[in-house]
Structure formats: C-alpha cells, structure tokens
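Trainee:
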Amino acid sequence: MSYLSSIATLLKSPSGLCLTIYYGCVVGVFYALETFLSQFVLWKRNEEYHHEWTSSEAGLLGLIIILVGCVGNIVSGYQLDHSITATSNITCAAHQKEEYGTCIYKREEQQRNKPMHKEITAFFTIGSILSMAFFATSVLRGGGSSHKYLVYLTISSCGFFLSGLTSIGFEYACAITYPADEAAVAGVLNVAAQIGGWILLIVGGRLSSSNNNNEEDDGGVGWVFNLVLTGTLIASLIILMVGVSDKSIRP
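For the sequence shown, position 56 matches number 291 in the numbering used here, and the numbering has no gaps at all.
(1) Is HIS317 buried or exposed, if buried means 16 or more other CB atoms sit within 10 Å of its CB?
(2) Under the rule that 16 or more other beta-carbon atoms within 10 Å means buried, what is GLU406, buried or exposed?
(3) Should SER366 go down as buried or exposed, given a rule of 16 or more other Cβ atoms within 10 Å for buried?
(4) What is the residue span of the alpha helix (DSSP H) that PRO249 lies within?
(5) What's the gap between the Cα of THR244 and the Cα of ALA408?
(6) Mark GLN346 as exposed unless 16 or more other C-beta atoms lie within 10 angstroms of its C-beta, in which case mark it buried.
(7) Apart from the five residues on each side of it in sequence, which residues of its chain come closer than 7 Å, Cβ to Cβ, to GLY431?
(8) Are GLY307 and SER398 touching if we call contact CB-CB under 7 Å?
(9) Let me know the secondary structure DSSP gives LYS341 once reduced to three states.
(10) Between the alpha carbons of LEU268 and ALA415, how many angstroms are there, rounded?
(11) With C-beta atoms as the reference, is PHE359 less than 7 Å away from LEU400?
(12) Compute the Euclidean distance between the alpha carbons of GLU417 and LEU385, then round it to the nearest angstrom.
See the structure below:
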C-alpha cells in the first residue's frame with residue numbers, strides 16, 4: 236500500500252479518524268502540561284495561601300515527568316505485547332511413535348489472548364484524568380513541604396499515564412488500519428498531536444496573559460487551564476469508547 240493510500244485508509248475509516256482526534260487530544264494535553272508546568276506552581280498568591288516553590292523545584296517536576304514517562308512507555312508496551320504474545324505447544328502423535336519408533340514433534344502456535352488495545356488505552360486515559368485532577372488539587376490547595384511531596388507524586392502519575400498513551404496510540408492505529416504503512420500512520424498521528432498541542436497552548440497563553448495584571452492571582456491559569464486539560468481528556472475518552480473499534484485486523 237502506498238504512502239498516500241495509507242493516509243487515506245486511516246482518515247476514511249471512522250475508527251481511524253476518531254483515534255486520530257483522540258491521539259491529538261491526549262498528546263496535546265501532555266505537551267501543554269509540560270509547557271505550563273512552571274506556571275502551575277510559580278504564580279503570585281496572597282499571604283494566606285502562599286507556596287514556597289522555586290524555579291529549580293519546578294524544573295525537577297519536569298524531569299520527573301520525563302523519567303517516569305519512560306517507565307510508562309515501557310509498561311504500556313509490555314502490556315500490549317503480553318496481550319497478543321503467542322504460546323507454543325509441542326505435541327507428538329502417538330501413531331508416529333509406534334510406527335517409526337521415534338517421535339516427530341509438531342509445533343503448534345496459538346494466540347494466548349486477543350489484543351487488548353482499547354482496554355489498555357482506556358485504562359491509561361482514565362489514569363490520566365484522575366492524575367490531572369489530583370495534581371490540580373495538590374498544587375492549588377494546601378501548602379508546606381508535605382504537600383510538595385504530594386505534588387511530586389501526582390505529577391509522576393501524570394507523566395506515567397500520559398506518556399504511556401503516546402506509544403499505545405501508535406500501536407493501536409497500526410493495528411486497526413493494517414496493512415497501511417506504519418510510517419504514514421505515525422506521521423498523521425504526529426500531525427494531530429502537534430495541532431492539539433498548538434490549540435491548547437494558545438488557550439493556556441490567553442488564560443495566562445489575562446491574569447498577568449491580577450495582583451492577587453489565585454492560580455487562575457492553574458485552576459481554569461487544569462479544567463480545560465482535564466475536560467479535554469474526558470472528551471477524548473468519550474471519543475475513544477464511542478468512535479473507535481476494538482477490532483484489530485493485524486494478523
């Protein structure tokens with residue numbers, strides 16, 4: 236199948252189109268979270284709710300997202316591979332042993348489980364939604380060193396689930412569009428992710444600029460933009476469950 240035909244196969248399929256939109260949303264949220272991470276913790280607040288966050292601590296949060304995200308990619312890939320790995324049964328026919336005195340072994344390949352692309356993708360999406368909600372709560376409510384550890388924990392969870400979705404999305408799209416060219420499918424998904432991230436960055440930038448002149452900023456860009464990101468993830472989950480088929484046509 237040619238490159239352009241592979242793109243057409245992905246976008247003409249209802250499941251492929253919905254999965255492309257889904258991927259653009261979730262990866263766009265990941266890009267936006269990484270970009271605005273410092274603004275989530277380094278805003279001006281009144282004395283009653285003051286937080287002592289430093290720029291180096293904000294940078295550490297970004298490092299945690301990257302490192303834990305690597306683990307998320309490995310775990311998600313392992314789960315997908317585990318769900319479709321074939322097992323081998325070696326059998327010996329009784330009549331062969333009686334007739335020839337030796338056994339001619341026959342290897343029979345059989346699939347252990349059906350592919351679980353949709354189930355694993357939904358699990359990681361739900362985990363991302365809960366992580367974003369807990370992250371917003373831990374950052375915007377409370378203070379002191381004890382709450383900082385909670386922020387580190389929740390941002391680790393965000394990195395784990397959101398980063399894991401990047402690899403799951405590629406595999407899922409290739410499975411439902413087989414035999415489309417995997418490079419073409421990956422290219423379309425990357426474009427969707429860039430567009431999704433661009434839109435969310437514009438929204439976050441508008442929210443941030445609207446709060447620049449607020450002397451008692453109560454975390455406006457944090458609260459509102461977190462709601463936007465969480466809402467985007469919820470919408471993407473609905474698109475996944477309603478619009479994307481769970482049938483893999485890859486042999």
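Cβ coordinates follow ideal geometry from the N, Cα and C atoms, glycine included.
Mentor: Working from what's here:
(1) HIS317 should be labelled exposed.
(2) In summary, GLU406 is buried, with 16 or more beta-carbon neighbours lying within 10 Å of its beta-carbon over all protein chains present.
(3) Counting Cβ neighbours within 10 Å, SER366 comes out buried, since at least 16 surround it.
(4) Looking at the DSSP string, the run of the alpha helix (DSSP H) that includes PRO249 is 249 to 270.
(5) So the two alpha carbons sit approximately 11 Å from each other.
(6) Reliability of the predicted coordinates at GLN346 is poor, the pLDDT of 46 falling under 50, and the value obtained from them is presented with this limitation in mind. Burial call: exposed.
(7) In its chain, beyond the 5 residues on either side, GLY259, CYS260, VAL262 and GLY263 have a beta carbon closer than 7 Å to the beta carbon of GLY431.
(8) Taking a C-beta distance under 7 Å as the contact criterion, GLY307 and SER398 qualify as a contact pair.
(9) Note that LYS341 scores 46 on pLDDT, short of 50, meaning its location in the model is unreliable; the coordinates nonetheless yield the value given after this. In the structure shown, LYS341 adopts extended strand secondary structure according to DSSP, grouped into three states.
(10) Between LEU268 and ALA415, the C-alpha separation is close to 32 Å.
(11) In contact: PHE359 and LEU400 (Cβ atoms closer than 7 Å).
(12) Distance between the alpha carbons of GLU417 and LEU385: 40 Å.
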